[in-house]
Structures are given as structure tokens and as C-alpha cells.
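One structure is given here, and the rest of the page talks about it.
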Amino acid sequence: MDIVCIYCKSQDFVKRGIRKNKFGNAQLYVCRNPLCARTFTVKDIKGKKFPLKFVLETISYYNLGFTFEQSCSLVKAKLGASPDPQTASEWYEEYKPLCRYERLRPYAVKYCAPKDTVEVVTLAHRQLYRFRYHRAKTYLMLEEFRNRSLRPLKEYLDSVSTETPHQYFQEGARMSEIKSKFDKSEMIVKSKNNFANHLAEFVLPSVKENKQRHEELQRFFIANDSVTVATEVPVYIRREDIEHMENVLKFKISDNGLVELKGKKRPVVMPKLLTGHIDFVQIRNGCVHLLDYKPNAAKEQPIEQLTWYAMAMSRLTGLRLFEFKCGWFDEKDYFEFYPLHVVKKMNRKKKKKIRFKDGIIGEIPRDVTMKKAKVV
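Written as C-alpha cells, this is what we have:
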């Protein structure tokens, strides 16, 4: 968020202490324009008395299935103040085009109670990860015809809290540490504009500390985005799984069983276990989308890390790698690719075909060149 003096629009100012109010602490600034020199604070959202944090919390509680009255009570218990239900309703209507879960909410409240809508589990995997799983949204998304083949994903997400082998995440190497020699010559990375960009742009101004960015984005996406079904999803892949992919599926993954690890000067034998946590798992357009939030996404290329996530999720769910898409984003940029194109070379050459008058379709050999006949 760009900060300017609210009186003269000058960008020349200095910080001058903290003011305490009922919404928390507000940073004070003093304008250094000699014609102004006034003290001011910066509001998260123009025209609103409450900070952005209150707006986000109120909308999220409502989309979890609570009424406006209940949402305001929960916000007051958490933040010490809250809007009235009428104001909460106005906020919801204003941001409805951005928070697309509103189309699923009427059906989700019939599926389960608000307190059971999102399952939250803290996983102690060397560090703390907060796994979130939106049960109602997953059920509703898989009811759509084009997503029905993705049902094994729900079976895996249902079992995370009870069947995750936590010891794997203490022993295994991290997928982000592997420097694979994937052949990226035939892959295509598409840059596009996505709802994830708009949601990140909306949420991030409310985050005061950089280390909280992932947590706040995940909380808001899981409650308000129409396609995000889980966050911080733990995945793992074993050495025998990788050997199967190389020998049976003919994927090109390692260099004769050797890989490079960060901090190692020479290639090492493929670790027995590789583990990771996926920032966002989405179901949309008949594919499972695995997303990673990366500040300064335009300067990042986490292609290998996301490809490992996709291969691990494929083995854990039984879904084909073809049914996965990977991407990374921030508030400005969004990039996506097919992980299958990274590990398996596709035959992209199209055969020339010709249709005869009797309806028979034949293929033209590549070594035959057709020339235009001369008219005598």
C-alpha cells in the first residue's frame, strides 16, 4: 500500500510514534511538506471506520456459515470491537464479486454446521504447519460433472488428520531442497491474471508482519474462495515410488538414481523419502491445482518444487499426473504449467490427414510433399 499524506498527498513524511485506539495501535506520520506539516494516520480502506482486518474477519465468519449477528459477536470476542450486523451485511454485498464462495454458501450450510465446515489441524513437522480442509466446499466441487474423476483427492484429504505418517516428515529430505535435472525444454509456463492475484491484493495490506502473509492468505482463501479446498497439505514420496515412475511410466526424474541437494557439492543417491507441504490445493475446471504463494513471483521459478508436489500427490491419491496443474503467484503475477510436461516428453507433432470423397480419412506420410498440379 502506497502511503501519502492524506491532506496534501505528499510522499515526504516521517514516522512519529503510535496512537492507541479501540481498534489497536495506529502508526502516526508527520508530513514534511512545510506548507502542511500535519500529523496523520493511514486507513486500510478509504471511507471505512474499521480497519481492513475487521472486514476480512467478518466476511470470513459469515462465509463459514454463521449469521451476521453471530459473525459480529465472534469478531468482537477476537478483536475487541465489531461492526453492527447491518454494516457487516453491507461489507458482504460490497465484496461479493471478489469472494466467490457466496455461490456455494447456501448449499454448504445445509451440508454441515459452521463449526464443522473447516477442519484445522496443527502438524509438528520440524516446524508447525496449520492444515486446513474445507469439507463442505470439497463435497460441492466434486458434485460438478467435470470434477467427478477427482474424488480420490477427497479420500486423501479426509485421512490427513488421522493417517498422516508424521515420522516421515521428521526423517525425510524436503522437496524444496532437491535440485533435479528436469528437462524443461518442452514445457510451457503461462502468465495470466487470476482471482488469486485479486484476493492477495485485497488481503495483504492487513498483514503487519511478513512472516504472517502465508497464514492470513490461507485463512482467507479457505473461507472465501470458491475453489480452494485445503491449505498446507502434507505430501511425501518414497524412493520406490520414484523408481516406479521412472521404470514403468518412463518419467525422466533423476540422473541414474542421483540428484543434487542444496548445500551438497556433488550429486547424491536419491533420498529414501521426500516430504513437503502444499500452500493451496484447488479444484477447478476438471483439474487439481497446486499453488504456492511466492512474494515477488515474477523473480521466482519454483518449477521443480511444484513438480515434486504434483508427483507426490499423484502417488498418494492415484490420480494421473495429467490431472494436475501447478502454479505460483503474488498480488501482481500468476504463473502456471503442467507438471506432466516436465517429466515426460510429449509427442507434439501432428500427423497430416486427408479426407476422401467417400468419407475415408487417410494419413499423409511425412516424406511425401504435395505439389499443386499444373493446369494444361
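Under my numbering, think of the first position of the sequence shown as 71, with each following residue one higher. Just so you know, even glycine gets a beta-carbon here, dropped at the ideal spot from N, CA and C.
Is Arg-336 helix, strand or coil by DSSP?
coil
In the DSSP assignment, find the beta strand (DSSP E) that holds Pro-176 and state where it starts and stops.
It is not in any beta strand (DSSP E) - Pro-176 instead sits in the alpha helix (DSSP H) that spans 175 to 181.
Can you give me the start and stop residues for the beta strand (DSSP E) that Glu-189 sits inside?
188 to 195
Arg-102 - DSSP class collapsed to helix/strand/coil
coil
Have a look at Tyr-177, Gln-81 and Gln-97 and flag the residue whose alpha-carbon is nearest the alpha-carbon of Ile-88.
Gln-97
Between the region 118 to 129 and the region 153 to 167, can you find at least three pairs of beta-carbon atoms closer than 8 Å?
yes
Comparing alpha-carbon positions, which option in Ser-152, Glu-247 and Leu-134 lies nearest Lys-119?
Ser-152
Taking Pro-304 as part of the beta strand (DSSP E), name the residues at either end of that continuous run.
298 to 308
Apart from the five residues just before and just after Phe-83, which ones in its own chain have a Cβ nearer than 7 Å to its Cβ?
Cys-75, Tyr-99, Val-100, Cys-101 and Arg-102
For the region 399 to 406 and the region 364 to 381, state whether three or more C-beta atom pairs, one from each stretch, are separated by less than 8 Å.
yes
Terminal residues of the beta strand (DSSP E) in which Arg-354 lies
343 to 354
Which runs of the alpha helix (DSSP H) fall wholly inside the region 218 to 295 and span at least 4 residues, in chain order?
221 to 233, 238 to 241, 265 to 273 and 283 to 294
Since Phe-124 is in the beta strand (DSSP E), which residue starts that stretch and which ends it?
Here Phe-124 belongs to no beta strand (DSSP E); instead the alpha helix (DSSP H) covers 122 to 133.
Could you name the residues that DSSP lists as bridge partners for Thr-109?
Val-100
Give me, in chain order, the residues of the same chain whose beta-carbon lies closer than 8 Å to that of Tyr-238; leave out the 5 immediate sequence neighbours on both sides.
Tyr-306, Leu-343 and Thr-345
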